[in-house]
Structure formats: C-alpha cells, structure tokens
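Sequential numbering from 1 applies to the sequence shown in UniProt numbering. Cβ atoms here follow ideal geometry from the backbone N, Cα and C, with glycine treated the same way. Below is one structure, written out as structure tokens; comments come after it.
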Amino acid sequence: MTNSPILILGGKGKTGRRVATQLEARNVPFRLASRSSAQRFDWYDESTWSPTIADAETAYLAPPVGPTGLAQAGRFIKQAAAEGLRRVVLLSGRGVGSPGRDFAVYQGQLDLEHAVQESGAAWTIIQPAWFAQNFSEDFLRYDVLAGELRLSAGAGAEAWIDTDDIGDVMTAVLLSEAYTGQSYALSGPRTLTMTEVAAELSAATGRSIGYVDLDPEQHVAELVEQGQTQEDAESVRDLFAVIRNHRSEYVSDGVQQILGRAPRDFTDWARATAQTGIWAA
1 MTNSPILILG
11 GKGKTGRRVA
21 TQLEARNVPF
31 RLASRSSAQR
41 FDWYDESTWS
51 PTIADAETAY
61 LAPPVGPTGL
71 AQAGRFIKQA
81 AAEGLRRVVL
91 LSGRGVGSPG
101 RDFAVYQGQL
111 DLEHAVQESG
121 AAWTIIQPAW
131 FAQNFSEDFL
141 RYDVLAGELR
151 LSAGAGAEAW
161 IDTDDIGDVM
171 TAVLLSEAYT
181 GQSYALSGPR
191 TLTMTEVAAE
201 LSAATGRSIG
211 YVDLDPEQHV
221 AELVEQGQTQ
231 EDAESVRDLF
241 AVIRNHRSEY
251 VSDGVQQILG
261 RAPRDFTDWA
271 RATAQTGIWA
281 A
C-alpha cells in the first residue's frame, strides 16, 4: 500500500458512503469522485476522466446501473489502467458469470468484470446479493411506507445482505493486496421470499406490510410512473426475474471468508433500522 488517496467512484452511493466512513475512521486518505465533488467526475462525460484518474493508484469502482452505464464503466477502467491506475476493487453482482445463472441482465456486469480483469490493473471483484438497504435507502422504501411491496419477484427467495457488511468487506479488500485476482460472492445468512421479507418488516415496524406479486411488465410500468427511466425499469424487472425464477435461493460465504465472521441477519437489520425512524409514518 502507498499513501496515495484511495479513489472512490460512486462515493455517494450506498456502498461508497460506507467505504468512505470506514476509511475515514482508520485515517486512510481517500478521494470521492462524483458530479458534485471538488474534482468533478461524470461517467457520461469522458473529459472528466483523466483529471479524476491523475495520481490515483487504487480505486473502488461502484458502477452506474443499466447497460449504458456499465459500458461506460468498462471504457473508464481501460483508460484508468492505461493512465496509471494500479489496482481496482469492483462492485459487481452475485451470480454474474456463474454457471447456470447466465441471465441476459448480467451481461453488462459480466462485460465490466472482463474489462477489469483485462485492464492490466490488479483486481478484486466483490459480488453481493441484493442489499437489505434497498428497503430503507432506495426505491423500495416507498413500498414499505405505503404498506405494499409491489414487485415481480414471484415466490422466489433472495439472501439479502446488510450493506454495512459489504462496506466492511470492501474496506478490508482495499487495505490488503491479499485478495488480488479473486472474486468473492457475498450474501446474508439465509434466504427470504418477498412474503417473508414483508412479514419481517411488519414485525420490525409494527405496521401491516404485504407483498403484491406483479406481472413483470406491470412492474416496469409502475417503476416508470415513479420516475425511473425505461432502461433502468427494465433492468430492475430483469434482476427480479432472477429471484422469480428461483435462481437466488442459495447462501454465499464471502463475508465469512474475508471478515472471519457471519453476516448480519435480516431480522437484526430490520429491527435496528426501524429504530432510526426511517420508516416512521
């Protein structure tokens, strides 16, 4: 490791914020890169790339969503490595590139993984399951507040992971080169269906929260109505199709491998999150 600040791309997102907090607590220098940072960075404005890359040796890359954003991130990492970036830790998705889980929605993420692996920079890839914080810090929070999880997940289950665990993993990987050249899948300790998630959230909040299984195209229409772009809404639909088709019903041990402890359970996360008032009516 050197004293060069760690570059955090996606520093305003759920994982980037947590990585920044962890690095700050350890007095590790870092530099956030976003459209509102001192040195402006925009995935879709390539003129901002070289100034952002300058003097960076290690980067945490949390890519934008959707096929277009993932393609831009692939182009960025190739340029960054050519301009001196020595090491990158990539946030990907669980199931990407795994045999038997070759859903089309993963193709953009798989292409980005390949771009990172072929860039010439040392790399580590972290592939987490769906974030529990999607229910508190993202679009699913509004479903919780409305008392209905309106999703196209069918009866499938997912091993939801606390994003704090992802932040801990990312920080450990950024601060050690022992994980170079490896991919790690992360998840929570058990799988839950959306009906079970609704029950957990009901118990944590003391409110009645149900699950409405939407037709996938209806799901897209409702997301667009809520303000998402058509491309992003279709990407969300396709990611939920993985759950709907029962292809996420397994547990991954990456948290245990890297941190030497079990991941946080969804019940514990939901109870603690409810106490913050984020779901207060």
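{"query": "Three-way DSSP call (helix, strand, coil) for R35 in this model", "result": "coil"}
{"query": "Per-residue DSSP class, three states only, for W279", "result": "coil"}
{"query": "Best match in D162, H114, I8, V220 for proximity to T267 [C-alpha to C-alpha]", "result": "D162"}
{"query": "Burial state of Q133 (16 or more Cβ within 10 Å)", "result": "buried"}
{"query": "Closest residue to E222 among R150, T193, T171 (Cα-Cα distance)", "result": "R150"}
{"query": "Secondary structure of E200, DSSP reduced to three states", "result": "helix"}
{"query": "Reference F131; option with closest CA among L110, G167, H219", "result": "G167"}
{"query": "Local conformation of I125 per DSSP, three classes", "result": "strand"}
{"query": "Touch test, the region 68 to 83 against the region 25 to 33, Cβ-Cβ under 8 Å, three pairs minimum", "result": "no"}
{"query": "Reference G97, options G74, Q72, S183, V173, closest by Cα", "result": "S183"}
{"query": "Per-residue burial, E225 [other beta carbons within 10 Å of its own, 16 or more giving buried]", "result": "exposed"}
{"query": "Option in G93, Q117, S119 with minimal Cα separation from Q107", "result": "G93"}
{"query": "Pair within 7 Å by beta-carbon distance, L186 and V255", "result": "yes"}
{"query": "Boundaries of the beta strand (DSSP E) in which D143 is found, first to last residue", "result": "No beta strand (DSSP E) contains D143, which is instead part of the alpha helix (DSSP H) from 140 to 146."}
{"query": "Neighbour-count burial assignment, P263, 16 or more Cβ in a 10 Å radius", "result": "buried"}
{"query": "Close-in-space but distant-in-sequence residues of the same chain around V144 (CB under 7 Å, 5 per side omitted)", "result": "F135, L201, I209, W279"}
{"query": "Where S248 falls, given that 16 or more other Cβ within 10 Å makes a residue buried", "result": "buried"}
{"query": "Pair within 7 Å by beta-carbon distance, D213 and V105", "result": "no"}
{"query": "T205 to A274 span [Cα, whole Å]", "result": "6 Å"}
{"query": "Backbone CA spacing between M194 and R244 [nearest angstrom]", "result": "10 Å"}
{"query": "Distance between L90 and D165 (C-alpha atoms, nearest Å)", "result": "16 Å"}
{"query": "Exposure label - G277; buried when at least 16 CB within 10 Å", "result": "exposed"}
{"query": "Member of P128, A199, R261 whose CA lies at the smallest distance from the CA of R271", "result": "A199"}
{"query": "Under the three-state DSSP convention, the category A153 falls into", "result": "coil"}
{"query": "DSSP-derived helix/strand/coil call for G206", "result": "coil"}
{"query": "Rounded separation between residue 285 and A172 - CA only", "result": "The structure shown has nothing for residue 285, since the chain only spans 1 to 281."}
{"query": "As assigned by DSSP and simplified to three states, the class of L85", "result": "coil"}
{"query": "Anticipated Cβ contact below 8 Å, S235 with G66, distance rounded", "result": "5 Å"}
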